[in-house]
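Reviewing the structure listed below.
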Amino acid sequence: MSRFFITTAIPYANGAPHIGHAYERIATDAIQRFMRLDGRDTLFVTGMDEYGLKVQQTAAREGVTPQEFVDRVAAEFEAMGELLNARADDIVRTTQPRHARSVQAIWERMAANGDIYLSKYSGWYSVRDEAYFDESELTDGPEGKKLAPSGAPVDWVEEESWFFRLSAYADRLLAHYAANPDFVTPEKYLNEIVAFVKRGLSDLSISRTAFSWGVPVPGDPKHVMYVWVDALTNYITATGFPDAEAPRAKYWPADVHVIGKDITRFHAIYWPAFLMSAGLPAPKQVVVHGFLFNRGEKMSKSVGNVVSPASLVAAYGLDPVRYFFLREVPFGQDGSYSHEAIVARMNADLANDIGNLGQRSLSMIAKNGEGRVPDPSGAAPAPEDLAMLARADALIGEARRHMANFQIHLYVAAVFEVVAEANRYFANAEPWKLAKSDRARMALVLYVTIETLRIAATLLQPVMPGSMAKLLDLLAVPPEARTFAALETGEAAGRLDAPNRLEPGRALPAPSAVFPRYVEPEATAP
RNA sequence: GGCGGGAUAGCUCAGUCGGUUAGAGCGGCGGAAUCAUAAUCCGUAGGUCCCCGGUUCGAGUCCGGGUCCCGCUACCA
317 MSRFFITTAI
327 PYANGAPHIG
337 HAYERIATDA
347 IQRFMRLDGR
357 DTLFVTGMDE
367 YGLKVQQTAA
377 REGVTPQEFV
387 DRVAAEFEAM
397 GELLNARADD
407 IVRTTQPRHA
417 RSVQAIWERM
427 AANGDIYLSK
437 YSGWYSVRDE
447 AYFDESELTD
457 GPEGKKLAPS
467 GAPVDWVEEE
477 SWFFRLSAYA
487 DRLLAHYAAN
497 PDFVTPEKYL
507 NEIVAFVKRG
517 LSDLSISRTA
527 FSWGVPVPGD
537 PKHVMYVWVD
547 ALTNYITATG
557 FPDAEAPRAK
567 YWPADVHVIG
577 KDITRFHAIY
587 WPAFLMSAGL
597 PAPKQVVVHG
607 FLFNRGEKMS
617 KSVGNVVSPA
627 SLVAAYGLDP
637 VRYFFLREVP
647 FGQDGSYSHE
657 AIVARMNADL
667 ANDIGNLGQR
677 SLSMIAKNGE
687 GRVPDPSGAA
697 PAPEDLAMLA
707 RADALIGEAR
717 RHMANFQIHL
727 YVAAVFEVVA
737 EANRYFANAE
747 PWKLAKSDRA
757 RMALVLYVTI
767 ETLRIAATLL
777 QPVMPGSMAK
787 LLDLLAVPPE
797 ARTFAALETG
807 EAAGRLDAPN
817 RLEPGRALPA
827 PSAVFPRYVE
837 PEATAP
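Heads up, the first sequence stops at 842 in my numbering, and the numbers go up one at a time, no gaps.
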């Protein structure tokens, strides 16, 4: 079975999870579920970046130890994963002993390769941004204080630091991009990265002495590792690195790192360079997603439009939220969400389209078919019946094609086009009239309809796992017949006798609504 | 300043190698039907395809110029 190792980015443990974290987790979970249903041996890992000055300071401000503080934040992220039905197989926290081993091993390999040296770093440093800034980026603030672009004050800092010889890797990185044109996707981000590297790279400061909350540098414990080496290595820690015999060692290199567009450079430049230096293979792909905006505006406390993942789920239900994010936002681009847009999607697509199709077909079966999967064999299929099946059968291929490029929204849209087609098919066939005139044909029409529904529901499981499980229950699809293998029709695509079709005569449970219509509550919506 | 992307129906967007009446979804309007979560189906809505000029038998679709927006990046100060 081919392996598929996918990660989310490693959130910084400095605050509660927000919509952006939720979006990334949901998208990564959906990709992972798709690959798993498609027969891959998947490993889905997330992590927490828990070291650094800001964590140390925030913890001090709150009167707790850094470890206590990050334990609390990590628990919040874990709870978010549960809430979103997007639990990862593992959560690697940078404060775990296994990670210290891993990151020190990486460091030592890079050092052994001659890529790490001691020097001095000086510059304008912003504690709040946890970053150095070039003088040209600064503006003058009050009292002669210099300010970073973010508005945070900066101080002139000089410290001894270990450096990584990033400058030596420009050519190798460019060769890697050229040989792997989909290393970063969407393509626009790869182009930006290539342009950046072509301008030349400077060496990277990778340790700090100004704070102590971090992994000690091997052989020089007054230094702790700075975020780059520490946080990125989190990904390979998950595979048990440096233990080559670890059960998960076989999963490296990762297939996909899903990240937000703001951290592309770290993943597309620093990370492969570190790995090259350490003699390890680079991940196969860095998949970049955009940002989500509340009504087109960046969420911020001052604007007062902060919405938590939990409040969205509470207002609309989990699967409608998952569906909205994955269907409405072209994956890789920025997106916008609003109450109106979410309600429009959930009512038009979920309640009216697929939900109602299930309800209208299954309730007819309940009334006219003794609650069993209809037997289609009593009537000769008409061209429209076979055309309907053919369209449904073709979906798995379309879905795979779109998911190969991580075009999640296109895969979902393709499924819903077939659902819409099924509603047209149903309306044109008028099975409620056939109930009085031609019951054999009615059975055939109902059968084709719920078979189409079965295919759609199977394919939509990655996006809406809970709701689609319920729909497949209503169709009496056994648990072992819910993977994409159950969508294989071989040479018999578009035929009634294709393999894996619903089994006529199987008892069906009483129909019930999968997606209720959203009606405006009394209180104002979020 | 450099590089790149974008500007198409009220809204969100598709528009292949330039070619007949510029499309989809949602919304709006009209109709049908009644199996169904007042859901569904059918029809319709006439948008200077940002502006100007050019190439061409013919341009949303290519070329030049301009305006505005966005991303990456640089520099001046």
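Virtual Cβ for every residue (Gly too), placed ideally from N, Cα, C.
Keep in mind that this is a model prediction, so the values were computed, not measured.
Inter-residue Cα distance where the pair is residue i and residue j
i: V734; j: R707; result: 7 Å
i: S435; j: A468; result: 27 Å
i: I766; j: R643; result: 23 Å
i: E366; j: N330; result: 8 Å
i: L760; j: A729; result: 27 Å
i: F800; j: D789; result: 16 Å
i: I347; j: A626; result: 22 Å
i: G516; j: L490; result: 11 Å
i: E508; j: F722; result: 19 Å
i: E475; j: W587; result: 24 Å
i: R414; j: R481; result: 26 Å
i: I522; j: A428; result: 16 Å
i: P832; j: E656; result: 16 Å
i: A785; j: L353; result: 13 Å
i: I907; j: L591; result: Outside the modelled stretch of the chain, which goes from 317 to 842, sits residue 907, for which no answer is possible.
i: D571; j: G379; result: 41 Å
i: L803; j: R755; result: 28 Å
i: M680; j: W748; result: 8 Å
i: A809; j: V533; result: 60 Å
i: Y433; j: P646; result: 43 Å
i: S654; j: H337; result: 17 Å
i: D431; j: E424; result: 10 Å
i: V361; j: Y551; result: 8 Å
i: S783; j: R740; result: 23 Å
i: V779; j: R356; result: 17 Å
i: S318; j: K752; result: 52 Å
i: H718; j: A738; result: 21 Å
i: V389; j: A332; result: 6 Å
i: L726; j: R716; result: 11 Å
i: K514; j: F582; result: 16 Å
i: M426; j: V470; result: 31 Å
i: A560; j: G535; result: 24 Å
Per DSSP, the bridge partner or partners of residue i
i: G651; result: L608
i: V409; result: Correcting the residue identity first, residue 409 is Arg in this sequence and not Val. Beta-bridge pairing links R409 to M364.
i: Q601; result: V572
i: D397; result: Per the sequence presented here, residue 397 reads as Gly, with Asp not at that position. Looking at the DSSP assignment, G397 forms no beta bridge with any residue, so it has no partner.
i: G439; result: V473
i: V830; result: None, per the DSSP bridge assignment.
i: L520; result: F480
i: T501; result: V603
i: L434; result: W478
i: I322; result: F360 and V572
Beta-carbon spacing of residue i, residue j below 8 Å
i: I322; j: T344; result: yes
i: F641; j: Y328; result: no
i: D498; j: Q601; result: yes
i: M704; j: T774; result: no
i: I407; j: M364; result: yes
i: L520; j: F479; result: yes
i: P697; j: L787; result: no
i: A416; j: V531; result: yes
i: V793; j: R757; result: no
i: G648; j: P502; result: yes
i: G397; j: A391; result: no
i: A863; j: Y437; result: One cannot answer for residue 863 here, as it falls past the ends of the chain, which runs 317 to 842.
i: P558; j: A598; result: no
i: P837; j: R349; result: no
i: P827; j: L678; result: yes
Cβ-Cβ separation, residue j to residue i (assumed contact under 8 Å), whole Å
i: F858; j: Q372; result: In the structure displayed, the chain extends from 317 to 842; residue 858 sits before or after that span and is not available.
i: A554; j: Q675; result: So it is not a contact: roughly 43 Å between Cβ atoms.
i: A375; j: F385; result: 4 Å
i: V543; j: V419; result: Not really, about 11 Å apart at Cβ, beyond 8 Å.
i: D669; j: F742; result: Between F742 and D669 the Cβ distance is about 12 Å, and since that is not below 8 Å, they are no contact.
i: Y567; j: L359; result: 5 Å
i: L400; j: I342; result: 6 Å
i: A814; j: D701; result: Actually they do not touch by this definition, with Cβ atoms about 13 Å apart.
> Given 8 Å as the limit, is there contact between the segment 561 to 577 and the segment 597 to 607, that is, 3 or more CB pairs closer than that?
Replying inline: yes
> Do three or more CB pairs link the segment 814 to 827 to the segment 683 to 691 at distances below 8 Å?
Replying inline: yes
> Would you call the segment 628 to 641 and the segment 656 to 667 touching, i.e. three or more CB-CB distances under 8 Å?
Replying inline: yes
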